[in-house]
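Structure first, then comments.
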Amino acid sequence: MKIIPASENALMVYFDEEPSPALCQTIQTLAATLRARLGDHLIDLVPSYASLLVCFDPFACDEVEVRQTIMSSSRSRPAATPSPSSKLIELPVWYGSDSGPDLAALAQQSGLTESQVIELHHQREYHVYCIGFAPGFAYLGEVDERLVMPRLATPRAQVPAGSVAIAERQTAVYPAASPGGWNLIGRCPTPLFDSNGNPPVPFHVGDRVKFQPIDREEFERLGGQL
Amino acid sequence: MSLLITHPGILSLLQDGGRSGYSHWGITSGGPMDTHAFCWANLLCENPLGTSAIEIAVGGFSAVFQQPCRYAITGAEVAVTVNGIEQDIWRSWSVEAGDVIKIQYARKGVRCYLAISGGFEVEPKFGSCSTVVREGIGGLNGGPLRANDEIPYLADSEGDCLQAAASERPHYSRRTTLRLLPGYQNSLFSREQQTRFFSSEFTVTGQCDRMGYRLSGPGIHADHSGILSEGICLGSVQVPPDGDPIVMMADHQTIGGYPKIGTVLSMDLGRLAQLKQGDTVNFAAITRQDALKALSMMRERLQNPQLLLADETP
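Taken in order, these protein sequences are the chains called A and B. Read in the numbering used here, the first sequence has 114 at position 114, and its numbers run on one by one without any break. If you want the numbering used here, it's the 1-based position in the second sequence plus 1000.
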């Protein structure tokens, strides 16, 4: 585990392990412990695949204190933390070049047909590793290694809401239109963020996601905006 | 009784101190782009520093006060009139029911802040009324102010009018230096790249908004670009493979995956937010110790502001 400064009031905890559901759980446990121990001194926690960003009030506590709290919290792993119940969420996806402008490039790069890419993408059950970038944006992993593609060199200024995308070994659905650097392969009509909802996001870290292919008509019928 | 918006201008957004504690849903902090000017607008109205105010980008704003209060405008240099009579910015003024305020287009800087005594009465969302348009959260309806919007506030006809001492008024120029704390994937940038980064001038591009400011320059490159997505701080400088750094601003995403060379000091971001396309920046490395000293001094100045009683006559 490494602790590196991220900003004037944040430390980044890096875990020297490959992302996995078990590591996710470790990070969630550390986050809960820090929440309890730092209390009001904590401004925010951002868990991710193999890291945890800890933002604190630099006027209420100093970096050394926070570092020490992180170290001692990670050493004392509570015995047999029960894993939270994990649910399966199925999301419909209209795959294709019309809905996913990077599908052709990804197929070409991987030496597969577009149908094969779609098959490899939707046949897997993905684990929700973290939620961030935008409300309801769930980072899902891992995609089949044949589908691995780096982020775009220049992010798009605008990605349509519901875009289903791949970057490196991760896949995700953009809940709303936003800038984005991932490779787009389809679109999902399901709303993934409701600011009035409780909870506002259907995912929790540890849940699983499976994509179901649908056609354009079904996409529109389910509320997708062309 | 409310502030009735007649012309919302280019982009006017309700902002308070911002949100925290919701990043696990992917919800960002929002808040003012120029926290110094925002805090000062509140100081001049004798409000707590994080009180809700309106961030007005570029200008072209007009509204009617439906009941008495004191107001103050800080930030970008704009011409302001109340009932057609010019009123200075960086000081507070008393207004009566029916008074009409007009804010012209910024001559220097980009964003100004309109605060009123007691702040606005807006239902918070996730703990704050800050508007983050791309999330559809905050403000009156998750979006920018529109014509005919009414923002409620409590009447206030008591209280002194105050003005900021000249030493507190910044001079927004067309270039600025941003102090950066090396961190994150700093070690992925070779010594040569770091030297290039800290010795170059970068130009503010047209792709700048509340989420991030994209800069163009000589091209900065990390040793490799495939990092795992991770939490992002306000002010972090992402460097995508195309070599143009992006400084993450108030509406920054909570998680991202381009390598980061470090993070700009929060108190310097306001100066960046007052730059326009074509203006320039350069970066200077700062140690954590010096960063904390600078932040403490700024905090001290906000807690003991140089305020003077203002004349009532314009």
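Heads up, the beta-carbon is just placed ideally off N, CA and C, and yes, glycines get one too. As the structure is a prediction and not an experimental result, all values here were calculated from the model.
When the options are compared against residue i, the one with the closest alpha-carbon
i: aspartate 98 (chain A); options: A:Gly223, A:Leu222, A:Asp215, A:Arg221; result: A:Asp215
i: leucine 1265 (chain B); options: B:Gly1183, B:Ala1072, B:Arg1070, B:Gln1193; result: B:Gly1183
i: valine 64 (chain A); options: A:Ile4, A:Ala32, A:Gly96, A:Ser48; result: A:Ile4
i: serine 74 (chain A); options: A:Phe59, A:Lys2, A:Val209, A:Thr154; result: A:Lys2
i: arginine 124 (chain A); options: A:Asp57, A:Gln170, A:Arg37, A:Leu226; result: A:Gln170
i: lysine 210 (chain A); options: A:Pro92, A:Leu147, A:Gly100, A:Leu112; result: A:Pro92
i: aspartate 62 (chain A); options: B:Gly1231, B:Arg1111, B:Leu1302, B:Ala1291; result: B:Ala1291
i: serine 178 (chain A); options: B:Thr1195, B:Gly1212, B:His1171; result: B:Gly1212
i: leucine 222 (chain A); options: A:Thr190, A:Ala161, A:Cys55; result: A:Thr190
i: glutamate 119 (chain A); options: A:Ala138, A:Ile89, A:Val143; result: A:Val143
i: asparagine 1042 (chain B); options: B:Ala1072, B:Pro1245, B:Met1298; result: B:Ala1072
i: methionine 1297 (chain B); options: B:Met1267, B:Ala1273, B:Glu1046, B:Gln1207; result: B:Met1267
i: isoleucine 166 (chain A); options: A:Ala153, A:Gln158, A:Trp182; result: A:Trp182
i: glycine 1060 (chain B); options: B:Asp1209, B:Asp1279, B:Glu1077, B:Ser1052; result: B:Glu1077
i: aspartate 1088 (chain B); options: B:Glu1096, B:Ala1097, B:Lys1102; result: B:Lys1102
i: glutamine 1194 (chain B); options: B:Ala1057, B:Gly1243, B:Arg1210, B:Cys1208; result: B:Gly1243
i: proline 1245 (chain B); options: A:Ala31, A:Ala153, A:Trp94; result: A:Ala153
i: threonine 1177 (chain B); options: B:Gln1274, B:Thr1131, B:Glu1230, B:Asn1304; result: B:Gln1274
Min CB distance residue i to chain A below 7 Å
i: aspartate 1242 (chain B); result: yes
i: glycine 1109 (chain B); result: no
i: glutamate 1123 (chain B); result: no
i: leucine 1228 (chain B); result: yes
i: cysteine 1208 (chain B); result: no
i: tyrosine 1172 (chain B); result: no
i: alanine 1222 (chain B); result: no
i: glycine 1270 (chain B); result: no
i: cysteine 1039 (chain B); result: no
i: glutamate 1192 (chain B); result: no
Proximal residues to residue i (C-beta, below 6 Å), its chain only, five neighbours per side dropped
i: alanine 1155 (chain B); result: Gln1067, Pro1068
i: alanine 1079 (chain B); result: Gln1104
i: proline 1086 (chain B); result: The question names proline, but residue 1086 (chain B) in the sequence shown is glutamate. Excluding residues within five positions, none has a Cβ falling inside 6 Å.
i: arginine 156 (chain A); result: Gly180
i: arginine 67 (chain A); result: Ile3
i: leucine 1162 (chain B); result: Leu1044, Ser1092, Leu1307, Ala1310
i: proline 1152 (chain B); result: Ser1002, Glu1121
i: leucine 103 (chain A); result: Ser97, Glu114, Ile185
i: tryptophan 1090 (chain B); result: Thr1074, Ala1164, Arg1169
Per DSSP, cross-strand counterpart(s) of residue i
i: cysteine 24 (chain A); result: Cysteine 24 (chain A) pairs with nothing; no bridge assigned.
i: leucine 11 (chain A); result: A:Pro5, A:Val54
i: glycine 206 (chain A); result: The partner list for glycine 206 (chain A) (beta bridge, DSSP) is empty, contrary to what the question assumes.
i: threonine 171 (chain A); result: A:Leu140, A:Ile166
i: tyrosine 1113 (chain B); result: B:Glu1055, B:Thr1074
i: aspartate 44 (chain A); result: A:Cys55
i: valine 1216 (chain B); result: For clarity, residue 1216 (chain B) is serine in the given sequence; the question names valine instead. DSSP, once it has assigned bridges, lists B:Thr1203 as partnering serine 1216 (chain B).
Below-7 Å beta-carbon distance, residue i vs any chain B residue
i: glutamate 8 (chain A); result: yes
i: glutamate 125 (chain A); result: no
i: glutamate 168 (chain A); result: yes
i: leucine 226 (chain A); result: no
i: glycine 136 (chain A); result: yes
i: valine 209 (chain A); result: no
i: valine 46 (chain A); result: yes
i: tyrosine 174 (chain A); result: no
i: serine 74 (chain A); result: no
i: isoleucine 185 (chain A); result: no
Close Cβ partners of residue i (< 7 Å) along its chain, the five nearest in sequence each way excluded
i: alanine 6 (chain A); result: Met12, Leu53
i: proline 23 (chain A); result: The displayed chain sequence assigns leucine, not proline, to residue 23 (chain A). Same-chain partners within the cutoff: Phe15, Glu17, Ala50.
i: threonine 1006 (chain B); result: Ser1062, Ala1063, Val1064, Ala1147
i: arginine 1288 (chain B); result: Leu1181
i: glycine 1026 (chain B); result: Thr1254
i: glycine 1050 (chain B); result: Asp1016, Gly1017
i: glycine 1262 (chain B); result: Leu1180, Leu1181, Pro1182, Gly1183, Tyr1184, Asn1186, Val1237
i: phenylalanine 1126 (chain B); result: Arg1019, Tyr1022, Ile1027, Ile1137
i: arginine 146 (chain A); result: Ser110, Leu112, Leu120
i: proline 160 (chain A); result: Ala177, Arg187
i: aspartate 237 (chain A); result: Nothing can be reported for residue 237 (chain A), as the shown portion of chain A is limited to 1 through 226.
i: phenylalanine 203 (chain A); result: Ile89, Val128, Ile131, Ala138
Residues near residue i by beta carbon distance below 8 Å, same chain, minus five either side
i: glutamine 116 (chain A); result: Ala107
i: glycine 206 (chain A); result: Pro21, Cys24, Gln25, Gln28, Ser83, Pro84, Ser86, His127, Val128
i: aspartate 1099 (chain B); result: Val1064, Phe1065, Val1082, Asn1083
i: threonine 69 (chain A); result: Leu34, Arg37, Leu38
i: alanine 60 (chain A); result: Asp40, His41
i: glycine 1206 (chain B); result: Gln1277
i: proline 58 (chain A); result: Glu8, Asn9
- Query: Below 8 Å, can you find three or more Cβ-Cβ pairs linking the stretch 1253-1269 of chain B to the stretch 128-145 of chain A?
  - Reply: Counting Cβ pairs under 8 Å, three or more are found: they touch.
- Query: Are the stretch 169-177 of chain A and the stretch 1009-1025 of chain B in contact at 8 Å, needing three or more beta carbon pairs?
  - Reply: no
- Message: Quick check: the stretch 1266-1284 of chain B against the stretch 1196-1212 of chain B, are at least 3 beta-carbon pairs closer than 8 Å?
- Response: Yes, the stretch 1196-1212 of chain B is in contact with the stretch 1266-1284 of chain B.
- Item | Inter-stretch contact (C-beta, 8 Å, three-pair minimum) for the stretch 1134-1143 of chain B and the stretch 1095-1110 of chain B | no
- With contact counted as at least three CB pairs below 8 Å, one residue from each stretch, are the stretch 1110-1126 of chain B and the stretch 1030-1048 of chain B in contact? Verdict: yes, contact present.
- Evaluate contact between the stretch 1188-1197 of chain B and the stretch 1220-1227 of chain B, counting only Cβ atoms and requiring at least three cross-stretch pairs below 8 Å. yes
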